[in-house]
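A.B. asks:
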Amino acid sequence: MVIDDLIEIAEKERASRKKTVVRCCMAAGCMSSHSDTVKAGLEKAVKDAGLADRVEVRGVGCMRLCCQGPLVGVDPGRNLYVKVTPEDAPALVASIDKPGSALNRGDPDHAFFKKQHSIVLANSGEIDPERIESYIEADGYRGLHAVLREMTPKDVVASMIKSGLRGRGGAGYPTGLKWATVAKTPGAQKYVVCNGDEGDPGAFMDRSVLESDPHSVLEGMAIAAYAVGASQGFIYVRAEYPLAIKRLQTALRQAKQLGLLGSGIFESPFNFTIDIRIGAGAYVCGEETALMASIEGKRGTPRPRPPFPAESGLWGCPTLINNVETLANIPPIIRHGAEWYAAIGTEKSKGTKVFALAGKIANTGLIEVAMGTTLRQIVEEMGGGAPDGGTIKAVQTGGPSGGCIPASELDTPVDYESLTRLGSIMGSGGMIVMDESTKMPEVARYFMEFCMDESCGKCIPCRAGTVQMHNLLDKIVKRKASAADVARLEELCEMVARTSLCGLGQNAPNPVVSTLRFFRNEYLELLGPATANKTEAS
Amino acid sequence: MQHASGDKRFKILEAHIKKFQGRQDALIEVLHKAQELFGYLEDDLLLFVAFRLKLPPGRVYGVATFYHFFKLKPQGAHTCVVCLGTACYVRGSDRILAAVENEAKIKAGETTEDKQLSLLTARCIGACGIAPAVVYDGVPSPRQTPELALAQVKGWLSHGH
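Line order of the protein sequences matches chains Z and B. Quick note on numbering: the working numbering labels position 124 of the first sequence as 1445, and the sequence is numbered without any gaps. Quick note on numbering: the working numbering labels position 132 of the second sequence as 171, and the sequence is numbered without any gaps.
1) So the candidates are Z/1402, Z/1430, Z/1771 and Z/1737; which of them puts its Cα closest to the Cα of residue 1489 of chain Z?
2) By the criterion of Cβ-Cβ separation under 9 Å, what are the contact partners of residue 1765 of chain Z in chain B?
3) Where does residue 1636 of chain Z land, buried or exposed, given buried means 16+ other C-beta within 10 angstroms?
4) In this structure, does DSSP put residue 1727 of chain Z in helix, strand or coil?
5) Just to make sure I have the definition right: I need the residues of chain Z whose C-beta is within less than 9 Å of the C-beta of residue 71 of chain B. Which are they?
6) Answer yes if the stretch 1680 to 1688 of chain Z comes into contact with the stretch 1726 to 1735 of chain Z, meaning at least three C-beta pairs across the two stretches below 8 Å, and no otherwise.
7) Measuring only between beta-carbons, confirm whether residue 179 of chain B sits less than 8 Å from chain Z.
8) Please confirm whether residue 64 of chain B has its beta-carbon closer than 8 Å to some beta-carbon of chain Z.
9) Taking CB distances under 8 Å as the criterion, tell me whether residue 192 of chain B reaches chain Z.
10) Just the C-alpha distance for residue 1831 of chain Z and residue 1680 of chain Z, rounded to the nearest angstrom, thanks.
11) Give me the chain B residues within the contact set of residue 1843 of chain Z, using Cβ-Cβ distance strictly less than 9 Å, ordered along the chain.
12) Can you give me the C-alpha to C-alpha distance between residue 1429 of chain Z and residue 121 of chain B, rounded to a whole angstrom?
13) Could you spell out where the beta strand (DSSP E) holding residue 1717 of chain Z opens and where it closes?
14) Between residue 68 of chain B and residue 1544 of chain Z, what straight-line distance do the alpha-carbon atoms span, to the nearest angstrom?
15) Any beta carbon from chain B within less than 8 Å of residue 1797 of chain Z's own beta carbon?
16) Are the C-beta atoms of residue 163 of chain B and some chain Z residue less than 8 Å apart?
17) Spell out whether any CB of chain B is found under 8 Å from the CB atom of residue 1699 of chain Z.
18) Round the Cβ separation of residue 1310 of chain Z and residue 1356 of chain Z to the nearest angstrom and send it over; I've been treating them as touching at under 8 Å.
19) I'd like to know whether the C-beta of residue 1525 of chain Z is nearer than 8 Å to at least one C-beta of chain B.
20) Whole-angstrom Cβ separation of residue 1540 of chain Z and residue 1465 of chain Z, contact assumed at under 8 Å?
21) Is residue 1338 of chain Z buried or exposed, if buried means 16 or more other CB atoms sit within 10 Å of its CB?
22) Going by DSSP in three states, residue 1804 of chain Z sits in which element: helix, strand or coil?
23) State yes or no: is the beta carbon of residue 1464 of chain Z nearer than 8 Å to at least one beta carbon in chain B?
24) Ignoring anything shorter than 4 residues or poking outside the stretch 1574 to 1621 of chain Z, list the alpha helix (DSSP H) runs there in chain order.
25) In angstroms, rounded to a whole number, what distance separates the CA positions of residue 126 of chain B and residue 1660 of chain Z?
26) Could you work out which residues of chain B lie near residue 1717 of chain Z, taking near to mean beta carbons separated by less than 7 Å?
27) Taking 7 Å as the limit between beta carbons, can you name the residues of its chain near residue 75 of chain B, skipping five residues before and five after?
28) According to DSSP, what are the bridge partners of residue 1756 of chain Z?
29) Quick check: what's the CA-CA separation for residue 1440 of chain Z versus residue 87 of chain B?
30) Taking DSSP as the reference, what is the three-state secondary structure of residue 1688 of chain Z?
31) Would you say residue 1417 of chain Z reaches chain B, if we count a Cβ-Cβ gap shorter than 8 Å as a contact?
32) Quick one: using the 10 Å Cβ neighbour count with 16 as the cut-off for buried, is residue 1468 of chain Z buried or exposed?
33) Under a Cβ-count criterion, where at least 16 other Cβ atoms within 10 Å of its own Cβ denotes burial, should residue 1359 of chain Z be classed as buried or exposed?
34) Does any CB atom of chain Z fall closer than 8 Å to the CB of residue 68 of chain B?
35) The alpha helix (DSSP H) with residue 1497 of chain Z in it runs from where to where?
36) Taking C-beta pairs closer than 8 Å, name the residues in chain B that residue 1604 of chain Z reaches, listed in chain order.
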């Protein structure tokens, strides 16, 4: 494979494109509403109408407005159809030539779409994720070619540092610095690991990226491997994402066939192979040291850091671990340049962030916005506010490690520092909207139950502390607690956060701390009247 | 050496182990395959895997019990997985779970006596855009209610009565 072959594939793909493209969402959300039968219906309708020579029905990745699925888009014209059924197919195909039918139409000019800034999701909903040619047509693997032929590994690392990209898995560590550390560490064997163990409940960004644009992650990994000097990669995906696993396997096979993975890529001395490792349902495996233990076939328990994986990772070798979304950002950064990327976002948080918008909100689905967009813009303008005339009470970000941001703070811009200041975290990108019917102490208990079950049991503060905190929260919710119990709860939060071994335990108290900070009244109202009086008297 | 039972599934598993050149770090991949073939991981099967990968049985048992995905008991003919992710939770998945528990007279994680239904919960299946979601026999269904879930499950429960 040389660059001319790549260009030829892209041109061939472009030349064979038909006049009209009917895009049918084939990501997991729409698939559960049977978008596969919708696609089959559309294909049949096109054939029946005798339009097969100028209309293409294309299965694409996530088209974002999951709550209205199955979604179908028709180009040119940017027509969007929602809640499409297989029975709608003939009418939809007929509307290609005669617009204005009685189908359910979506509004592609709604703020939900208009305010999006697509970098990671640029191909999502556009290309066919099961065909590498479709990715190549969208300039795929051009970034990999550019780094292999025109840049030294040092240039690539420098470019990453300049772009200001920070880890999208939650912690926000500068990606370029991580790469530089791995590149600097000597070692004959190095590894690149893609963390696709998206365990936070309420987060489905990585699933969508893997299902919609798997090659962008593979290309990102290959570029990273060249920069740090690795020859072997692993993608760790949760078993709960069978469709993502299937598409990744297809993508890997196609990339290998074309020589875009394997040995001597683009006729350079660079070799890189990727293996998939499937998780088995352990939340803690999202923590990097636990994830590495799991890849090695062991119980997924974390270990103390340092040494960091960059120095001693998989089988003791230097290992670069990046999240799915981080890696999907790499090819566009290489193609458009670090300056282009650094110009997007805020001073300290560059680029865009993908969020999974869900919960008590009218428009649920996937959004990608520039860093610095306010929560209000996301929730009210794009999300359309609470459904059925309800009022938004809080927005939860960061999953069980994050916190609840009250409606009064909705003007906060979304960036790493602002969310941390509010006692929450950026996290991987789950954003759950809660309305007045959601009771905050119950939410805190819900997350604590999660952490209690998912604690791996290695360190005592987390193993025992989460159980004790859960018991106290349960007592509060059941109106059996006293003010002393709340005080004990706060004390435990502090202790578990300070002394736990890994991020799971260190952040487990966050939902409790943040709800106590902003919704303390709800806790106090649940304390028995006798004890409430006692506190006032004392 | 063949497995004493002569069960062909052991041969398939063995071929899978060979694909990984018997590498010990492939343990989780091998257990996935074993569960796919046999439905659950009984002690005999775990011992077979330990022997083939030259791992201490304790190590294999330790891994099998650590991960939620691995089942050590036989599952029912049908499975109903209620997602308890945050988005599903704020949209009432706890009520769906309670309704099914009540109807089937089992708790989450259990299987009915007639081995027809296993009721399970998931931490989050990533289908938050269509919450609350329930997975019936491997197929996710969007926007569920206690009534919809009961209608689905009742058909399975009445079998064999």
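Cβ atoms here follow ideal geometry from the backbone N, Cα and C, with glycine treated the same way.
C.D. replies: So, from the listed chains and residues:
1) Taking residue 1489 of chain Z as reference, the option from Z/1402, Z/1430, Z/1771 and Z/1737 with the minimal CA-CA separation is Z/1737.
2) None at all; the shortest Cβ gap to chain B is about 12 Å.
3) exposed
4) If DSSP states are grouped into helix, strand and coil, residue 1727 of chain Z belongs with the strands.
5) Identification of chain Z residues near residue 71 of chain B by a Cβ-Cβ cut-off of 9 Å yields 1560, 1599 and 1601, ordered along the chain.
6) no
7) At least one chain Z Cβ lies under 8 Å of residue 179 of chain B.
8) yes
9) Judged by the 8 Å Cβ criterion, residue 192 of chain B is not in contact with chain Z.
10) Roughly 20 Å separates the two Cα atoms.
11) Using a Cβ-Cβ cut-off of 9 Å, residue 1843 of chain Z is close to nothing in chain B; its nearest Cβ partner there is about 15 Å away.
12) The straight-line gap from Cα to Cα measures roughly 33 Å.
13) 1713 to 1718
14) 27 Å
15) no
16) yes
17) no
18) Shown here, chain Z extends from 1322 to 1859; a query on residue 1310 of chain Z therefore has no answer.
19) yes
20) 5 Å
21) If you draw a 10 Å sphere on the C-beta of residue 1338 of chain Z, you find fewer than 16 other C-beta atoms in it, and that means exposed.
22) helix
23) no
24) 1609 to 1616
25) 37 Å
26) 125
27) Within the same chain, residue 75 of chain B has no close Cβ partners at all.
28) Looking at the DSSP output, residue 1756 of chain Z bridges to Z/1713.
29) Taking the Cα positions, residue 1440 of chain Z is about 48 Å away from residue 87 of chain B.
30) strand
31) no
32) Under this definition residue 1468 of chain Z is a buried residue.
33) With at least 16 other beta carbons inside 10 angstroms of its own, residue 1359 of chain Z counts as buried.
34) yes
35) 1496 to 1505
36) 162
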